Every structure is written in structure tokens, then in C-alpha cells.
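S.K.:
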Amino acid sequence: MWPFECGEIVENQEPEKILAKGNEAIAMAAMDSRCLLYFGYPITPQNDIPEYLSKHLPALGGEFIQAESEIASINLLLGASATGARAMTSSSSPGISLMQEGISYMAGSELPALIVNISRSGPGLGGISPSQGDYFQATRGGGHGDYRMIVLAPSSVQEMYDLTCLAFNLADKYRNPAMILGDALIGQMKEPLIRRKCAKMDLPVKDWALTGAQGRKPNRLKSLYLQDGELSEHNWKLHQKYEQMKKEEVRFESFFTEDAKLMVAAFGSMARVSKTSVELAREEGMKVGLLRPITLFPYPEKALYDLSQRVKLFLTVELNTGQMVEDVKLSVERDVQVYFYGRPPGSLPSPEEVLEEIRKYYG
Amino acid sequence: MWPFECGEIVENQEPEKILAKGNEAIAMAAMDSRCLLYFGYPITPQNDIPEYLSKHLPALGGEFIQAESEIASINLLLGASATGARAMTSSSSPGISLMQEGISYMAGSELPALIVNISRSGPGLGGISPSQGDYFQATRGGGHGDYRMIVLAPSSVQEMYDLTCLAFNLADKYRNPAMILGDALIGQMKEPLIRRKCAKMDLPVKDWALTGAQGRKPNRLKSLYLQDGELSEHNWKLHQKYEQMKKEEVRFESFFTEDAKLMVAAFGSMARVSKTSVELAREEGMKVGLLRPITLFPYPEKALYDLSQRVKLFLTVELNTGQMVEDVKLSVERDVQVYFYGRPPGSLPSPEEVLEEIRKYYG
Amino acid sequence: MSKIEIDQERCKGCGLCTIACPKTLIKIGEEINRQGYFYAIWEANEQCTGCAICGEICPDVAIRVWRDRGESRT
Amino acid sequence: MSKIEIDQERCKGCGLCTIACPKTLIKIGEEINRQGYFYAIWEANEQCTGCAICGEICPDVAIRVWRDRGESRT
Amino acid sequence: MNSDRFYYNIIVAGFGGQGVMVIGNLLANAAMIEGKYVTYLPVYGVEMRGGTANCTVVISSQQIGSPVVGKPHAALVMNLPSLIKYEPLILPSGLLFINSSLIEPKETYRKDIEIFSVPVNEIAIDNGSPKLANMVALGAFNQKTKLVQMNSLFVSLEKVLDERYHHLIPSNIKAIEIGAKFVQSLP
Amino acid sequence: MNSDRFYYNIIVAGFGGQGVMVIGNLLANAAMIEGKYVTYLPVYGVEMRGGTANCTVVISSQQIGSPVVGKPHAALVMNLPSLIKYEPLILPSGLLFINSSLIEPKETYRKDIEIFSVPVNEIAIDNGSPKLANMVALGAFNQKTKLVQMNSLFVSLEKVLDERYHHLIPSNIKAIEIGAKFVQSLP
Amino acid sequence: MELVFKRPECLIDIPFHFCPGCHHGIAHRLVAEAIDYFKIREKTIGVASVGCSVFMYDYFNVDVLEAPHGRASAVASGVKRARKDRIVFTYQGDGDLAAIGIAEGIHTANRGENITIIFANNGIYGMTGGQMAPTTLLGQKTSTSPYGRDFTSDGYPIRMAEMLATLEGSAFVARVAVNNPANLMKAKRAVRKAFQMQIEEMGFSFVEILLACPTNWGMTALEANRRVEEEMIPYFPLGILKERKMADYL
Amino acid sequence: MELVFKRPECLIDIPFHFCPGCHHGIAHRLVAEAIDYFKIREKTIGVASVGCSVFMYDYFNVDVLEAPHGRASAVASGVKRARKDRIVFTYQGDGDLAAIGIAEGIHTANRGENITIIFANNGIYGMTGGQMAPTTLLGQKTSTSPYGRDFTSDGYPIRMAEMLATLEGSAFVARVAVNNPANLMKAKRAVRKAFQMQIEEMGFSFVEILLACPTNWGMTALEANRRVEEEMIPYFPLGILKERKMADYL
Ligand SMILES: Cc1ncc(C[n+]2csc(CCOP(=O)(O)OP(=O)(O)O)c2C)c(N)n1
Ligand SMILES: Cc1ncc(C[n+]2csc(CCOP(=O)(O)OP(=O)(O)O)c2C)c(N)n1
Ligand code: SF4
Ligand code: SF4
Ligand code: SF4
Ligand code: SF4
Ligand code: SF4
Ligand code: SF4
Ligand SMILES: [Mg+2]
Ligand SMILES: [Mg+2]
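Residue numbers (this note's numbering), protein chains in the order written: chain H, 1 to 363; chain P, 364 to 726; chain Z, 727 to 800; chain G, 801 to 874; chain D, 875 to 1061; chain S, 1062 to 1248; chain F, 1249 to 1498; chain W, 1499 to 1748.
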């Protein structure tokens, strides 16, 4: 059963273009990645994921549990992933907050699995409109202790599909939870989608999985380390893993960098909006480019650094009051000006509004 | 009843020096700040707090509830603080992770209260040894959405007391949850303590409190904002508050800055260890200073920036694999070298080990 | 003679009052209100006892009831 | 004749076996082990039936029991 | 976004329950079938109940950047709050399509746009399917704008509606046609 | 940390349940009473049960920086695992105090430190209070080091012990004295 | 003519956002009437839960606090402990109380907190669009039990009133419905009784109200109303399950 | 002579870390014996909870997973859903299951998950140093109920077995003790039965074991052992509360 061939199931699928919701694309990708175990608790704006899977998993022999809470969800996931099976949960901001302890345990016990956050507005109950207010939580570890998740930020429906496939692979490769960080925009929007195989990846055998100690020593999965120095060592080991991710797994996309005088940095839904703004700016003759991190952790530090050798003006655009901008600042050369245009959730900026900001700083 | 006179109760107390545990100092300070409502769930290494309060609150007419979980604790706290009363909870890392949703709600609903994190080692179950692995969680908001807590990091038993008094005042002043971020070292160690009044602060009247709509319009406390733009506005309002804190509430301490060539930056327990290291370094003739942020949010950005005009070498020492170091980097002048000495939890560095690092970079 | 008044803009045309009225004095009309609902209408009628059952059952508190005689409500 | 063996380093001297043995063949001794506990000692004795009650009750699984005859255990 | 390329965007808005999302979905799917790039973006009020709902559809001959639209070419508004919200945003010489069953045409104010009123609820009621006012609106809107072929809309019904409602496809088609005919019959 | 200032630190270590924390508490409290700066830092194994426990006490005439001690002046070890862990850390010419009831003195190896053995469990048992081995150790240790006055320790008992155990103070005092006497009686 | 039925004073005069025929409106009114009846409006603090009833603070003319989803009973306990002289109630959906908030519900009852919980059980997640609730009936199709609730994988509908009644801490536990005039009158009495218990400091009071959710049951208002009688009440029998006669600490 | 009593194979040969006289050791052994008895060691997956029994993975010679505090039943459900052919059990303390984990416990039982829960009830938080547990008896002094548990503010001791037995989803529910040879033998049978139920796919099985915690009860081992009989059993009666004879989906 291991390692999986990526997207095997998809082969029988004709590559028809369908108008799909971002959330549904995740659900399809999960099934196509042989994730047959879903645990989750309803919350807007991601209910399409459990609804889709509750309908389609049974036919594949999978298990769908609507858990009693997000805490139960993350712990069902912890249990399922410990057996070596691919498994996932999905939720939205308040629900993800409730999962922080569980996520910390999964990272500590090195359990791979997919956690989807189709985030919404906060803090508190906030609202169900799109928001990027969970960037810190996703990239810095909202739970306790030093750990990281692999965080992927899709910005189209096709990417919701593709990055979900990738997330399962990366989770397995690194024995680490991976997160898809979308938002109400990217989760709810519809675009044409093609279900296609994702690139094959060599994945390690899951010899650590709990399957019953038959013909081998018992496996133990835990995050408690009490021997002198043992926990330090464990933490360094995790740290090395994160360093390796930084070396090998950074993904980003850029447009119009060649001659750019100002680079917009934005991810996910705001990268979509900003792309149009950049196009509008180009139409007006401004030399503006766009850098879109696809992996939020590991962050494309080097790409930004390299770019900043040439480009000395950056404008970070976020649907919050300033989070990713810290990573931009930490990445770029020291003589670069990093500006920020933030919109806290509750209303979406239009491409024209972002353009306005570009004009302001392009100067 | 409002605003409180700080530490009123203490007046009748003779200022005897007692050998007190850090945790107990917090409990005493809470009572002395007229916090008579405690909700919490047991977890090492902070159990001295609930144990002390379960013993002493009844006599003051207070309420002590051992909740069924940390989630219940934070929500009991949310309810109690909504009435305008001073209230608190305490826990340690995994328990604090479970409170993230509730904390986000409290920040979103602008509810003042004290949350104590006597943090321990992570990720996951980790261990009960000291750790500073929850720095990101505390300062960046481990919960969803854009919000901040006031975060105070004591580094002596006396400060556990003093900063607890201050935390209640700041929480009330800003209508925002405040956190004491200690760890197993500072919570468990004993030192001489004097229970003394803290500086008086003018506190706003809590006209928003829920006390029954008698002779006034009903009060509503919520974080849901659905009218167009309303949530944006609410988020900006919160943001302004955080900016105001940055202006008015930064607290830090520094030693040997005048002629320093290398500054060590460390908080809480590691500041204690580092202080001895700095003294040892001075004995060896190295011009080394120490900057200790007392408020982790708001962060002493300006103090670091100002210092970094002169001092071009910084060494951040943390009991984790690198968290506060980001704030140091974000604060200092661009031509400063910021080094990091991190010890993930599981063992404590001795002053000699930190000295070793100082030697390495001072060189 | 008792009477009721249905707030036509509040009524959502659910019909609960129509089956609750013991005298079946209420029915759903053929006009829509500003919200697009076919609202309920009371057939002004001497039979109305002012029993207020319609008011009690209306989920949108869209009905007020006046009673003529001093009879006690059901 | 049956017999038991108490692992003296594992024994924590809780005494549960001393009250459980139907023949009261076990008592707490006067020596401490490496962990500092006064450990239990079995008075080697023909009375022992090998009933294994001592073993069953020992929280530290510090007792092994041998039975001589083919009698069934209690 | 050159004028020789095709790029058009629409906001459809109304109460939750008026079926505005289906209108957007059908337009987007129809355009996709016709080989266009499309995005469809719904915006709900509180989690599900009450409040207003709207969606934005972008149709283009090129890859689409933002699915969020600041200034739409057209707005199809089904109730008064939506009118108030979207009329000011429409591009000059854009189209404002209003449901005059729930909105008095006099409640509009712009002079620099085309205002087109159709009493979609009345039409739907008159044709015995009061629940299909949204399809009437879609038919009328598409007849007016000729954005996609009517047949693409009909074909899309099967993809967009949940299987449970497939038996209603014929009546949906009929309602779309009635909306279209109403527009054709205008002087 | 100049030699003219007073600065001394001790690690006390043993099994959980051997009462090593009380030793540290009493030393710290006694030093505080005597006007010194003190820190006391306990380190437990897993939350509470099993494993080893140790604590560090720093006593100084100046404000104390680190309560963590890398190289103690003295270690009082009550069991073998603690010996193994702390013997290597002691400062040259420091003091290693071992409980020879549970540790064979031959298990030590350092030559550059003073090794001082007291069979504290046996002494306690012989005096009819097997549970007060820790007090015997404290008495012996303090007699050996003269760190604080015996009376300060006695006075501290009331502050350090929970009220429930105050009736045991006399027997604690007695055990401390017995420990001290044992050392005095050594040749 | 005398005005014999009108909007209770405790209900602010604005329209509900609920769907046509949704029973939440009736349940809200019953609570408001009880508050009017005891003239406690000025000392009542309501705790709203997350669900279709989240806008409680827009409707009730009393101080209202919004709790995180599922935590209303803990929040209300916190309010009450801080202000024992106030009347505190929660209004919680079945997803809120029986799923995510079941721990807080049980422990609040077990501690005998002197508060009132109104449990609005419509056997569905209304606000989020019709997912399965812990009280969804076996076989019932929802958006996350598309083939009908199946006990082998989804478990059984939970009877909260029965479960809470078994706890020593609960003082008053009842289940009512509002689907017809007779049931509605009993519901009115039960809600009133629950508040009375609190006023008299008898301890934890709990009223489960069976509600129709026409929208997510995929029914007309009248069909949904009928389903309450035909399907819900047989599984969730109505009545007073527990009524403490005297505060047991007296 | 025949060796008639020895360490079960499923228990690794290292000493327990438990305090002298702590009943956790006996309970561990009973579980190990049941696993030996059914020869399922190689297909069993244990889920450890956080509490004094957290080191289960050091003692049991089976695959073991550590769950966050309170969540063992959810974790075990996840394991079982992924590997229905394995035998999955949890070992949870009373703080773990009856306080922080009560929601997961109830819903796991309600879903009828085919797993076994061993519920180690010592009426105290052992690992964290003797705080009040949900099962602490009225009047019992603990470090957070220094004046004795008082139902007006602390609530009542919860009877978990009774509560879970009322749920339709549970198949086997028993309460046992290990304080004397007779009770111990019944406990052994109950634990064995619980695993048997799971092997036969009868659904959720649950054994509550009353345990002494001498350390945090502030007693000697023998005193604590006696207290089980004298104080715990009267409030927590022993016996089999529920035993499904046939999987109800058959
Ligand atoms: C932590 C968290 N999880 C999930 C949600 C999403 N959510 C909002 S309301 C609700 C359930 C509503 O169902 P119910 O409580 O039965 O109330 P109803 O709408 O049926 O009246 C859910 C799951 C949330 N807001 N917060
Ligand atoms: C989230 C979280 N909260 C609290 C704790 C601290 N904690 C560890 S074990 C425990 C309770 C132990 O009691 P119980 O479950 O009864 O087990 P026992 O030790 O008595 O066997 C607690 C509260 C924790 N580890 N994680
Ligand atoms: S008051 Fe009674 S009789 Fe009159 S309309 Fe209403 S329900 Fe019918
Ligand atoms: S019950 Fe109320 S809302 Fe429903 S039809 Fe009658 S008046 Fe209208
Ligand atoms: S086997 Fe039976 S008789 Fe022999 S020592 Fe053990 S308990 Fe006593
Ligand atoms: S029961 Fe076991 S541990 Fe206890 S005294 Fe007997 S042999 Fe020793
Ligand atoms: S979704 Fe259901 S519960 Fe919610 S308002 Fe509509 S009918 Fe009522
Ligand atoms: S504290 Fe209690 S439960 Fe824990 S090991 Fe000791 S006796 Fe057992
Ligand atoms: Mg519901
Ligand atoms: Mg316990």
C-alpha cells in the first residue's frame, strides 16, 4: 500500500473540465490522493468539503466521521494517521484554533496528515468573509512549543486540487502535519478544474506506523520525552526537518520580475486580486511585479532576498492588519523599503484599490 | 467598586519578606488586586496557583472553580469578565493551546482578564521542564484572526507578583486580555517576596459590563460583526489599541549598556541565567550588556532600535529554537548582526554555557 | 367581537396560523410583500374569539389580538 | 509444597500481599532495598498452597508463584 | 484587458433564498462550456440564514486575475438593499438590471448607466412557478446582454442543480425562456 | 562573584519521595532569615510520579542572577542515579555528600573533590523515624558545611512544612540534630 | 377591545431573521414572555450561542453576551459566579449543546449552577446549512448524512434531557414542543418554571424545546411542523423529567 | 513445581514507576493478561492517556500511541476507523475521561465505536499532585478542595459507567475494583469480557476500575486499599451495568 502512487485513481478519470468550487477541489484531490479517512466538524465556509466526502467516501470504502467537535476531529485524525493511513480534517478559523493542542501533539509525534483551514474573519466569531488573519497561527505554530507545519496557500481552484495532492506527499515525506491555508474566497469561488495526476514523489516507508507489533518490536508514537536531554534532541531533530524543508520545499510564483521597480508580495486570495492590480499598473506603464509565496512555511526567503538585490521597493498586500509582512521584512536585503497595505476582514479590496496603493508607493 | 485602588488589600499586610514560589506570588498578587474569581484546570507546573487560591478565595467571598477543562476555564473567564469583575485563569502550554479560541473571542469582544501561562516543554506533551517555546503563541496570537494580548514576562518571584498586579490594570485600561508568560523555572523557583502595592493607574469605568440593563440600554458583548465594513472597522479599532499599547506600555530593563559592544537579549527565566553570564563576561573584561524585555507585547522595539545605533552585535538567548530573535531582528538597525543561541527545552543552559556563546560572538 | 391584526411586512407566509386558528379565519393571500412572501390575511369575521392562538403560534410575532368580552383566554 | 518468589528490588513494601495471603505467609521485612523500601519477605512455609493470590494482588508484579500439585487455582 | 479581448463581469445580488447564486453559477458554467475563462465568487451574509447574498461572475477570453470586482459591468439586483449597495459601483454606461417586483424603478438614481427593469416575481407568479423568479431574471438578463447562448444555460442546469432537483430542469428552462420572451416582447 | 563576597550553591538530588525538596527549602529559608539573598529551584521528573527529583539552592550576599547552576559547590545525593548525574559537575575541591545507605561510596570516582558519606537511612531507621532520612541528611550536611545556623533551620521548619505536618516539627528537629551529631561524632 | 396578545416587552421590535415557519421565533418569544412575567428584564443576562439563534442580542431587550460555539453554559456559569444576584440564561442549539458543548453542558449541570438553559433542538445544524446534528434521527438525510443517519458509523440521536436529568446536579429538566397550541402552552409553563427555579435558587434548570427547521429539513413550514409531531416527539418524548422540590442544600 | 503465576508476556520486564500500593499496577496487569489470553498482542494497539498511566508505552509490549490529555477515546476511534481489523483500547484516568475528555468519551460510546476503554478511577488527579477529580467523593479533601468537596460549588461525583450505560451506543459497561482477591477476580473477568466484545465486533466496551491512590489520598497503601471498600464502592457500586448479547446491527 506504501508509498502511494500519486493520483493513481485519477487515471480512470477523463480529464474533463468542470466548474468546481475550491472546497470541492480539495475533497476531490483528497480522494484522488487515496485519503479515505475524513474527520471534521461543520463550519462555514468549508462545509462543501465534508459534504462532498460524506457523499463519496463510502463508495470507496472510506470512513467519514462527523465528529462532535474540532477537538475530536483533530484527535481522530491523530489516531488515524498513526496507523500510516492518509487522513485529513478541515475547518475554518475558530475551529482551527481549537485544534492547536492536537496539532502540536501531531508535530511532536511526527504524524503526517492534512489539515485544511478555509479561514474566515476574526477575531472571535468575526464573520464568514475571507480573511488572512490566521497567517501567524499557521506559520508560527498557534499551539505550544517549537514546531512548524508545512503550509500551502493555493490561489486558484486548480491549485486547491494540486496543492492538496502535494500536501499529502510532503506530509508523508517529512512525517509532519501539512496545512492548506485557503480562505472564504478561494474556498467558495468556482473555476474550471481538471483532475490530474500530481508529480510522483519518492516517499519513505512508514515503518513507524502502528499496525500491531507483528514480527517486529512494538512501535510507539508519542511526544513525551523525559530522559535527560532527550527532549532537546527531539526538538533539534524537528528543527533539522524544518531546515530541510526550507532547503527543498520552497515554492512560489512570480510575474513581471525582470524589470520591476516595485514588487507586490501577496498570497492566496490576495495574490489573485493583486495580480489584476499589477496588470492594471503595467497598463499604466508602471514597472510593477508580483511575488506569490505558495509555501508559507517554508517561506521563500531566498527568492525574496535575491529579488531584493535589485528591487528596492516592496508592497505587501494582506487581508489582515499585518502578518506576512514580517516575513517579507525578515527576508529582504537590509536597504529595501517594505510597505504594507492591509485590509482587515469584513470587506474585500478590489483590484482598483490595490492599484491605488501601488500608485502611492511607486511614486 | 470601580476603578480599583491597586493593591488596596495589601495595606493591612505587614511587608514581611517571605520565601515564596513564583506561582504563589501570582496567586497572592491576584488576591491583592481584588481578583476574586478564579477558573482553571490542573496542570503542572502551575498547580500552586489554583491550590493557593482554592484555599484562600473562599474566605474573601471569592469563587474558585476547578473547571472540567481548559476550554471551560477560558469560557468561564470570558463570562465572568463580561460582568466587569476581575477574573483570571492559569494553565501551562498544552492547556493554553486549548484556550486559543476563547482568547480570540475575548480579544474580539474586548474583555479584560488575566491569563497565566507557566509554560512547559513542547511540542505535544513534551515535558514539564521550563521552556520559552510559547513565545510566538503568546505574542502573535495563537488563535485565529488579528488580535494581540498584553504579554508580561517576569523574571523573578517579586516580578511574578508585581507584574500580575500590573497585568490586571493594563487589561482593564485597554479592555484586552493580558498574559503573564512565565515558565516552569520562574513559576517553581522560590525567592524572597514582599507583598507591596503597585503603582496606581487611572482606569476607565466599565460601562460596557453586563450587569442587567437597569436604567440604561442593554449592553451587548460580542465579536460578530456582519454589517458591511463593520468588522473591518472593529479590526482597525483593535489595531489602534495595540498601537497605543506600543506607545505607552513598553517595559524593559537593561544592564551594562553604556559601553557594551555586544548586547544579550533575553526574557524571563533566560534573562536570569544570562544576567549571570553577562556578569561573568564582564569579569573577563568583555563589554557585554543585557536587554530584557518585560513586555513581550508591546515589544521594546524602540529601545532595541536606539541601542542598535551604537551596538552592532546582538545575541538573543532563548529556551527554544528561535522565536523572539525575529522580534530582535525586526527591531534593530539594518547593519546589526543578530545571533541566536537557542536551547530547546529538556535541559537548562547554565550561565557558563551562555558565557561560552558570548565568547564565541564577542571575539 | 374580537379582532386580530397581521403585520403584513413581518409575515413570512409560513401558514402556521392558518392551521392553528380554531375558526380557520386566516389564510395565505395572493399578494407578496416586500420580502417576496405571500402573506397571511385575516378574514375579518365575527367568529373570531380573540383566543390568541394565532398570535401564540406565529414564529414572527406578526399578529396582535384584541378581545372584546372579558372571557378568559384558552 | 508450593512456593513463591518475591523480587526484592521490585517490591515497594506496600504490604498488600501481606493482608491478601490467606495463610499470612508474607510480612514486611526490616531491611531496605536499593530504592529505600522495606521489602516483603515470604516465610518459606509448607502451608503455602500456591493459590497465587499474593501474585494477583501485587501492584508491582514482584511475585512469582509455583504450585506443586495439579490443584486448580482459587 | 485590452478592448479587443473579451472581459465582462457581473454582480448578482438579493436576499438569501432568492436564488441569486444559481443565476451566477449558470452564467459561469455556460461561459465555461463556450470556452471562456470564468470565475464565480459567492458572498454570503451570516453563516447561512437571513441577510443578503450576492455573487460575482467574471467571464474573459484570458486568464482571470481577480475574481473580486470593484466596478462591475452589470449588476442584477433582486431586492432593494442590493440596489442601494451596487448601483453606485457600476461602471459608467454599464447595466443595472432590477427586479421591479420588489424594487420601484424610481429608487434608482444613476443617469450614466442603463437601467433595465423586469418584474420577475410577478412574471413567475403569473406563469404558475413563483419559486422560479430567479430563472425568469436570468432569462431576461441574458436576453438583454446576450452574454451566453440560451442553450448553454439549459445544458448547465444539469451540472449546477443538485441531482435531487433534476426533475425540475424542464420547468427551469421554461422559466428562463419566459424571462427571455418578456424581454423580446418589449417594444 | 568576587571571592570577598559570599556565594555558594548546592544541588540536592534523589528519588521523588525522598524529601530532597524539603532539604533545599529549609536551606534557602534559613539563609533568607540570616539576611542572605537566596534562590531555590526545584526540578521534577514527569509531572509528579516516579523518576528523580532535584533542587538547586543559591545563597549569596549579592542579588542572584541565575538560579540554574552548572557547576555546584556542593551536591547532596540521596540515590545512585543522582550520584551518576551530579558527581561530574561539582566544582574542583567542592563537596560531594552521599547517602551511603543507598549508594556504595566506591561508586564515586572524583579525586579532586571531597567525598563525604553518611548512611542516612540507616541512621533514621535506627532512631525510629525511617521517614526522616532527609532531615538526617540535612543535619549532617549543614554540620559539615556550616552553611546556616542550625537554629535557622529549626525556625524554618514552620514556614516550610504544611500546617498539617506542624505536629511533626519536633521529630524533624530531632532528626536534624541526629544527623548533625553523627557528623560531630566522626573522627 | 382589549389588546390581549402582543409582542412581549422584552423583545425588541424588529423582524426576526429566521426562515418562514422556523420555530426559533416561537421559542424566543416564550423566553421573552417569561422574563416579562417575572419582571426580571433589568436583572437578566442572556448568553447567546452560535447557531441560527446567534442574533439573540439583536432581539432581546436585556444584556447579552455571545459565547463561542458550544461554550454558552460555561460562559453563563462564569457570569453567574461573578453576579449571583442576576438571572442568567443560555439559548443553545442542538449542535451547540449536544455536540461541541456537551462537556460544558454536563459539567454545568453537574455543578448545579443556578442558571437556565433553553435547549433549542431541531435535530440539525441550521445555521451552517443542514449538517447532521447529534439529535438527528436515524435514517434522516442531511448534508453530511446523505444516505440517512446510520448508527453504525454516525451513532444514535442523543437524548440530552434524559442524560442531564440523571445528574445529581440538575434541579429542573423538561422537554417540550411548540408545534401546536396545546404543546405550546405546556412549553410556556416549562420555560416559566425554569426561570422560577433559578429565581428561587433551586439550581440548574433545563428546557429542551423541539423545533422545526423547515429550510434544512427540506420541507415547507407546514410539513416541518407536522414532522415534529410525527417523527421527533416519538423519539424525544415530552414532559417534565425532573423537578426538585426543595433546594437540596436547605 | 509448576510456575502458575508470573508476569504476563504482554508486560515488558521493567519495574513500574507507580507509588507503593498504587492499584494502577494491578489494572495494567489485568489488561496485559487479557491480551495474552486472547493471543492478540500482535494486533493490539493501545492508546495511552495523560495521567499516572502515561507511561503505558513503556510497559505494554504492543504498539502504543500517546493521546493528548482527555482525547484518548477520540484518538482510539481514529485508529480503529483506519484499521478495523486491529484491537484498540485506551487506558484513561478519571481526570482524563470524566473531566476534560467527557465529550469524547460520550460521543465515542454513542457512536458505538468498537473499542475498549479501561477507565482507571481513583477519584483524584494522581499525576498532577492530588487535585479534585470529577469522581472525588463529597467531603473529600484534595489539594484544590482543601475544605472537602462541596457540591454547591464543586458539583457531585460523576458516575461515568452509569452515564455511558444509558447511551444506545454502548455494548458492555462494568464497574470493578481490585482491592481484594474476590473483586480482583471479577475485575479480571470484566476486562477479559470487554476485549472479547471487541473481538466479536459487538461495539463499545467499557470497564471502570476503582483504584487506590495512596499518595494523593494521603494514606498508607493499606489504608488506601481499605478506603476503596469503605468509601468508594458504596458510591460507585460494582457490577456489570450493561451487556449487549448480540450486535444490534446483526
Ligand atoms: C468552533 C466552531 N465550530 C463550528 C462553528 C460553525 N457553526 C456555527 S453554528 C453551528 C451549529 C449550528 O447548529 P445548532 O447548534 O443546532 O443551531 P441551529 O442553527 O440549528 O439553531 C456550527 C457548527 C463555529 N462557529 N465555531
Ligand atoms: C491539556 C492538558 N491539561 C492538563 C494536563 C495536566 N494533567 C496531566 S495528567 C492530569 C490528570 C491526571 O488525573 P487522572 O486522569 O485521574 O489520572 P491519574 O494520574 O489519577 O491516574 C492532568 C490534569 C495536561 N497534561 N494536558
Ligand atoms: S384570535 Fe383565535 S379565532 Fe381569532 S384569528 Fe386568532 S386564532 Fe383565530
Ligand atoms: S404564522 Fe405568522 S408568519 Fe406565519 S403565516 Fe401566520 S402571520 Fe404569517
Ligand atoms: S501463593 Fe497463596 S498461600 Fe502462598 S504465599 Fe501466595 S497467597 Fe500465600
Ligand atoms: S504486594 Fe508486592 S510490592 Fe507490595 S509488599 Fe507485597 S511484594 Fe512488595
Ligand atoms: S435554517 Fe432552520 S433553524 Fe435556521 S432559521 Fe432557518 S428554519 Fe430556522
Ligand atoms: S500518585 Fe496515585 S495514582 Fe499516581 S502512581 Fe502514585 S499512587 Fe498511583
Ligand atoms: Mg440545530
Ligand atoms: Mg485519577
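Ideal Cβ positions, reconstructed from N, Cα and C, are used throughout, including at glycine. None of these values were measured; they are calculated from a predicted model.
1. In whole angstroms, what separates the C-alpha of A516 (chain P) from that of I543 (chain P)?
2. List the residues of chain F whose Cβ lies closer than 8 Å to the Cβ of D1652 (chain W), in chain order.
3. Go ahead and label A1074 (chain S) buried or exposed: buried means 16 or more other beta carbons lie within 10 angstroms of its beta carbon, across all protein chains shown.
4. For the putative contact between A1565 (chain W) and N235 (chain H), defined by C-beta atoms under 8 Å, what is the C-beta separation to the nearest angstrom?
5. Drop a sphere of 10 angstroms on the beta-carbon of Q214 (chain H), count the other beta-carbons inside from all chains shown, and report buried for 16 or more, exposed for fewer.
6. Could you check the C-alpha separation between R1742 (chain W) and I1481 (chain F) for me, to the nearest Å?
7. For N1427 (chain F), which residues in the same chain have their Cβ closer than 6 Å to its Cβ, ignoring the five residues on either side in sequence?
8. Buried or exposed: S1059 (chain D), going by 16 or more other Cβ atoms within 10 Å of its Cβ?
9. Could you give the uninterrupted runs of the alpha helix (DSSP H) lying entirely in the region 1435 to 1492 of chain F, keeping only those of 4 residues or more?
10. Does the distance from the CB of G1653 (chain W) to the CB of P1632 (chain W) come in under 9 Å?
11. How long is the line joining the alpha carbons of D190 (chain H) and A25 (chain H), rounded to whole angstroms?
12. Please find out if some non-hydrogen atom of ligand 4 comes closer than 8 Å to the beta-carbon of G741 (chain Z).
13. Would a check of beta-carbon distances place A887 (chain D) closer than 9 Å to chain H?
14. Using a Cβ-Cβ distance cut-off of 9 Å, determine whether P457 (chain P) contacts chain H.
15. According to DSSP, which residues form a beta bridge with P349 (chain H)?
16. If you compare alpha carbons, which of P:Q686, P:R697, P:Q409, P:Q463 is closest to Y704 (chain P)?
17. Would you mind telling me which residues of chain F sit closer than 7 Å to Y510 (chain P), beta carbon to beta carbon, in chain order?
18. Apart from the five residues on each side of it in sequence, which residues of its chain come closer than 7 Å, Cβ to Cβ, to E1108 (chain S)?
19. Residues in its own chain within less than 6 Å of Q188 (chain H) by CB, not counting five upstream and five downstream?
20. Measuring only between beta-carbons, confirm whether N438 (chain P) sits less than 9 Å from chain W.
21. Could you spell out the range, first to last residue, of the alpha helix (DSSP H) harbouring P955 (chain D)?
22. Once the 5 residues before and after Y1483 (chain F) are set aside, which same chain residues still bring their CB inside 7 Å of it?
23. At a CB-CB cut-off below 9 Å, which residues of chain D make contact with P351 (chain H)?
24. So the beta strand (DSSP E) F1617 (chain W) belongs to, where does it begin and stop?
25. Pairs of beta-carbons, one from the region 692 to 703 of chain P and one from the region 672 to 681 of chain P, closer than 8 Å: are there three or more?
26. Run down chain P in chain order and give the residues with a C-beta less than 8 Å from the C-beta of N1090 (chain S).
27. What residues in the region 1460 to 1488 of chain F have a beta carbon less than 7 Å from any beta carbon of chain Z?
28. Counting only runs that start and end within the region 1502 to 1542 of chain W, where is the alpha helix (DSSP H) found for 4 or more residues in a row?
M.R.: Reading off the structure:
1. 6 Å
2. R1359
3. buried
4. In fact, because the Cβ distance is near 21 Å, the residues do not count as touching under 8 Å.
5. exposed
6. 26 Å
7. N1473, V1476, E1477
8. exposed
9. 1462 to 1465, 1469 to 1475
10. yes
11. Note on residue identity: the sequence assigns Lys, not Asp, to residue 190 (chain H). When rounded, the distance between both Cα atoms is 9 Å.
12. yes
13. no
14. yes
15. Beta-bridge pairing links P349 (chain H) to no other residue.
16. P:Q686
17. Correct list: empty, because the minimum Cβ distance to chain F is about 14 Å.
18. Annotation note: pLDDT 48 at E1108 (chain S) (below 50); position unreliable, coordinate value reported separately. If we look at E1108 (chain S) and ignore the five residues flanking it on each side, it has no Cβ neighbours.
19. P45
20. no
21. 954 to 960
22. L1385, P1405
23. G939, S940, V942, V943, G944
24. 1614 to 1619
25. yes
26. L382
27. A1469, L1470, N1473
28. 1522 to 1535
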